[in-house]
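Numbering (our numbering), first residue to last: 36 to 185.
Virtual Cβ for every residue (Gly too), placed ideally from N, Cα, C.
Predicted, not measured: the structure shown is a model, and the values here were computed from it.
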């Protein structure tokens, strides 16, 4: 989680939003990324999606079985679905999607636990890790003149 937080801070300094994600397999970091929505003019370039793309490329496969993704904020439904399709074993996240919404992001307030249940997904979900530090990312981001929501 610490690496995801640092990557999110790096992204904020580059004009991005306060989201970071890190994919780990067998104790080794496969990919660690921040959000690239503004840089790429791509609404789907969330930190989790970017990390999944890089991990698949690095491992030369689309099956990320056995991987764990650490995300600074609860993945949105799109990112949860990508984790499910990639067969990521576990999602570990910091603050909830409700927090992102409270900072003005256009979020669908459907929790990962709800999505897991509705989809009968096998992805394990571990919420509320380093919550204060992850909420701190939003405050850090808000102080930057380049801060903008999508």
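Inset, instruction - Output yes or no for whether 8 angstroms exceeds the beta carbon distance between residue 108 and residue 99. - result: Not a contact, by the Cβ cut-off of 8 angstroms.
Legend entry - 6 angstroms CB neighbourhood of residue 148 in its chain, flanking five on each side removed: Around residue 148: 160.
Legend entry - Where residue 137 falls: helix, strand or coil (DSSP): helix
Legend entry - Coil, strand or helix - residue 151 by DSSP: helix
Inset, instruction - Please classify residue 89: does DSSP put it in a helix, a strand, or coil? - result: helix
Inset, instruction - Could you tell me the boundaries of the alpha helix (DSSP H) in which residue 119 lies? - result: Element bounds for residue 119: 112-120.
Legend entry - Closest Cα partner of residue 103 within the set 84, 125 and 95: Residue 125 is the option with its Cα nearest to residue 103.
Legend entry - Inter-residue CB distance, residue 87 and residue 117 (contact presumed, cutoff 8 angstroms): 5 angstroms
Legend entry - Cβ neighbours of residue 156 in the same chain (closer than 6 angstroms, five flanking residues each side left out): Around residue 156, the same chain offers 119 as residues with beta carbons nearer than 6 angstroms, after the five sequence neighbours per side are excluded.
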